[in-house]
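Once you know that position 442 of the sequence shown is 570 in the numbering used here, the rest is easy, because the numbers rise by one and skip nothing. For glycine and all other residues, C-beta sits at the position ideal for the given N, C-alpha and C. To keep things clear, I will list the structure first and then write my remarks on it.
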Amino acid sequence: MRSVVLFMVDQLSAKWLEGGSGLACPTPNLDRLRQAGVTFSNAYSSNPVCCASRATLATGLTSRGHGVLQNGYRLNPKLPTVMRALNAAGWQTGAFGKLHFEPHYLGFDIDFRRYGFDVVHNTEDARGGEWLDWVEREQPEHYEAALATVWPTSIPALASYGASKTNLADRIREIRREFRWGTDDFPNGTAQYYVLPFPEELSQTAWISGHALDFIASAERDRPFYAHISYVQPHAPSCPPAEYMDRIDRSSIPEPVPPEWIDDPLAPRCFEQNGFRADAAAWRDRRHFYLADVAHLDHQLGLVMDALDRVDRWDETVLIFLSDHGDLLYDHGFFGKAERHYDACVRVPLIVAGAGIRSGLDCNALVQHEDIVPTVLEITGLPQPQLPVEGTDTRDESAPSLPGSSLVPWCRGEQAAGSRDAVYIESYNNTNSRTPQNWARTVRTQDWRYTLYPGGAGEQLFYISDDIDEMQNLAGDSGHSITRREMRDRILEEVILQDYPHPPRDLLALGVH
129 MRSVVLFMVD QLSAKWLEGG SGLACPTPNL DRLRQAGVTF SNAYSSNPVC CASRATLATG
189 LTSRGHGVLQ NGYRLNPKLP TVMRALNAAG WQTGAFGKLH FEPHYLGFDI DFRRYGFDVV
249 HNTEDARGGE WLDWVEREQP EHYEAALATV WPTSIPALAS YGASKTNLAD RIREIRREFR
309 WGTDDFPNGT AQYYVLPFPE ELSQTAWISG HALDFIASAE RDRPFYAHIS YVQPHAPSCP
369 PAEYMDRIDR SSIPEPVPPE WIDDPLAPRC FEQNGFRADA AAWRDRRHFY LADVAHLDHQ
429 LGLVMDALDR VDRWDETVLI FLSDHGDLLY DHGFFGKAER HYDACVRVPL IVAGAGIRSG
489 LDCNALVQHE DIVPTVLEIT GLPQPQLPVE GTDTRDESAP SLPGSSLVPW CRGEQAAGSR
549 DAVYIESYNN TNSRTPQNWA RTVRTQDWRY TLYPGGAGEQ LFYISDDIDE MQNLAGDSGH
609 SITRREMRDR ILEEVILQDY PHPPRDLLAL GVH
């Protein structure tokens with residue numbers, strides 16, 4: 129039985145590992161992983177925000193299937209998860225780092241073991257909780273600097289923190305007001321991108337790796353394991369250790385794609401709310417810090433791969449490297465993710481390597497997050513769950529229970545039966561909107577990307593094959609009206625199918641005739 133390592137980073141687009149960015153940021157361990165496995169160059173986040181995408185990666189369900197439509201929703205722990213299926217079948221299961229199955233604002237004492245993990249060491253964007261308490265206990269001289277990195281001070285639990293009920297929120301705000309983000313070597317640091325203000329070994333990133341490495345080293349030899357290793361970086365604020373800043377070739381960092389939508393009458397209305405024009409210094413600095421975070425994460429990947437070798441488990445383990453969604457990093461005048469469905473937002477890195485996987489293979493098949501759970505189930509030899517049939521004690525083997533398809537055939541170098549000819553991507557509201565104008569719906573094929581915003585709030589059609597940077601919106605071009613109509617019809621079909629197979633929420637049985 130094979131073990132599985134899910135090595136997950138946060139807000140990393142596939143784009144930032146390719147082309148000019150790939151030249152600017154050496155990633156020797158990702159290169160090593162690519163040589164050992166299959167790289168999926170057309171992998172997509174089906175809902176490019178943290179909570180929704182992570183819920184899909186845990187359950188294999190669409191956003192409507194699991195109900196986590198956007199950030200701010202919690203994943204119902206009663207829903208079936210791949211971790212719980214593996215745990216029930218005898219796998220040792222551990223989670224290390226960011227899970228985000230529940231909103232940050234619920235606090236720092238969430239029991240994530242109920243999602244199917246034996247062991248959990250959790251730290252999230254908000255920094256509070258186990259990692260922060262560890263810094264205070266083990267390295268108190270760096271505790272104030274660690275507090276400065278806690279940015280969402282409106283979380284209620286920070287106002288009455290820990291057993292002592294300390295008002296940590298006010299203390300953090302005071303520290304951040306006076307904190308010097310720039311350094312002598314990197315004076316342009318801001319609260320959004322800065323050099324880590326304490327030693328690398330105290331970083332969240334190193335702390336996450338340390339617990340994951342301990343789990344791998346101590347796992348029972350006669351039982352397979354599932355390690356969910358999930359980092360907070362390079363999600364903003366970017367905060368690489370200083371020694372990784374020098375690994376980036378600043379002169380090779382590519383310029384942002386310009387905001388082509390500003391004079392476009394069909395441009396999505398919500399773009400005006402979130403768009404801006406970036407000055408040269410800001411984009412280069414921000415990309416520099418971001419890519420230095422990527423270099424630091426590449427080092428962590430090497431540590432995990434070496435640990436599997438050290439305990440002689442690489443040949444019986446499959447490692448999946450992926451991200452939850454991308455980051456525009458000033459492309460088209462934006463940074464972040466959500467309803468701006470450009471390539472840097474929605475296309476994510478995905479590499480599968482290890483036991484039984486072809487080495488050094490590139491695959492351009494269209495895949496999306498819903499395909500990961502079926503893949504893990506096939507890798508581990510577990511069946512997909514079967515839906516109950518009303519009036520019987522049996523399960524309906526003919527009824528699919530998951531919307532995705534296993535990538536294992538591709539990983540063996542074979543053509544997968546029923547492979548996708550398109551991926552579907554959707555967004556709902558983001559943190560600063562309350563309007564359906566942000567509810568983008570996208571179909572992406574090998575050649576085209578079409579996105580529709582409801583209520584006449586905008587649409588985009590790009591011929592990706594000739595317009596890789598998505599600079600010419602053809603939605604209003606009469607010469608492409610047939611393609612526009614076909615893609616619009618495809619969106620309608622995909623929207624309908626988001627509730628198929630039947631979502632398992634409160635499902636007792638399927639009716640029969």
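Taking 7 Å as the cut-off, the Cβ atoms of F236 and G222 do not count as close.
In this structure, C491 sits near F168, with a CB-CB distance shorter than 7 Å. Classified as exposed, H630 has fewer than 16 neighbouring CB atoms from the shown chains inside 10 Å of its CB. In the DSSP assignment, E587 is bridged to L580.
Within 10 angstroms of the beta-carbon of S379 lie fewer than 16 other beta-carbons, which makes it exposed.
About 17 Å separates the CB atoms of L580 and Y591; that is not less than 8 Å, and the two are not in contact.
In the structure shown, S451 falls within a strand segment according to DSSP collapsed to helix, strand and coil. For V623, no beta strand (DSSP E) encloses it; the enclosing alpha helix (DSSP H) starts and ends at S609 to L625. Three or more Cβ pairs closer than 8 Å define a contact, and the region 346-358 meets that threshold against the region 129-136. Around the beta carbon of M433, 16 or more other beta carbons sit within 10 angstroms, so the residue counts as buried. Beta-bridge pairing by DSSP links G165 to A481.
Between F245 and the set G430, L510, Y271 and T209, the nearest pair of CA atoms involves T209.
Relative to the Cα of S174, the nearest Cα in the group S609, R562 and Y556 belongs to Y556. With respect to the 7 Å criterion, S191 and D455 are not classified as neighbours on the basis of their beta carbons.
Nearest neighbour of E306 by Cα position, chosen from A291, T277 and A285, turns out to be T277. Per the Cβ contact rule, the region 196-216 is in contact with the region 174-188 (3 or more Cβ pairs under 8 Å).
L489 carries a strand assignment under DSSP once its states are collapsed to helix, strand and coil. In this structure, A319 keeps its C-beta atom at 7 Å or more from the C-beta atom of I283. Contact between F326 and A273 holds: their C-beta atoms lie close to 5 Å from each other, under 8 Å.
Taking D392 as the centre and dropping the five residues before and after it, the same chain places the C-beta of N601 closer than 7 Å to its C-beta, in chain order. Distances from the CA of N204 to each of C398, E554 and A186 were compared; the closest alpha carbon is that of A186.
The alpha-carbon separation between S366 and S609 amounts to approximately 42 Å.
Non-local beta-carbon contacts of G165 in its own chain, meaning distances under 6 Å to residues more than five positions away in sequence, involve I479, V480, A481 and I485 in chain order.
Taking the Cα of Y233 as reference, the smallest distance to any Cα among A287, N215 and F224 is reached at A287. DSSP, read as helix, strand or coil, puts Y172 in strand. In the structure shown, the three-state DSSP call for R397 is coil. Residues of the same chain with a CB within less than 8 Å of the CB of N566, apart from the 5 flanking positions on each side, are C398, A466, E467, S555, Y556, N557, N558 and Y581 in chain order. Unbroken alpha helix (DSSP H) runs of no fewer than 4 residues, entirely contained in the region 202-267, are found at 210-216 and 258-266, following chain order.
Residue nearest to A423 within the set P382, L158 and I500 is L158 (criterion: CA-CA distance).
In this structure, A213 places its C-beta atom within 7 Å of the C-beta atom of L510.
When the Cα atoms are used, P231 and I238 turn out to be separated by approximately 10 Å. The bridge partners DSSP lists for V551 are R572.
By the Cβ-count criterion, T508 is buried, with 16 or more other Cβ atoms from all chains shown falling within 10 Å of its own Cβ.
The beta carbon of R540 sits closer than 8 Å to those of G484, I485 and R486, all from its chain and outside the five residues before and after it, given in chain order. Annotation for H339: the continuous alpha helix (DSSP H) segment containing it runs Q332 to S346. It is roughly 12 Å from the alpha-carbon of P396 to the alpha-carbon of P387.
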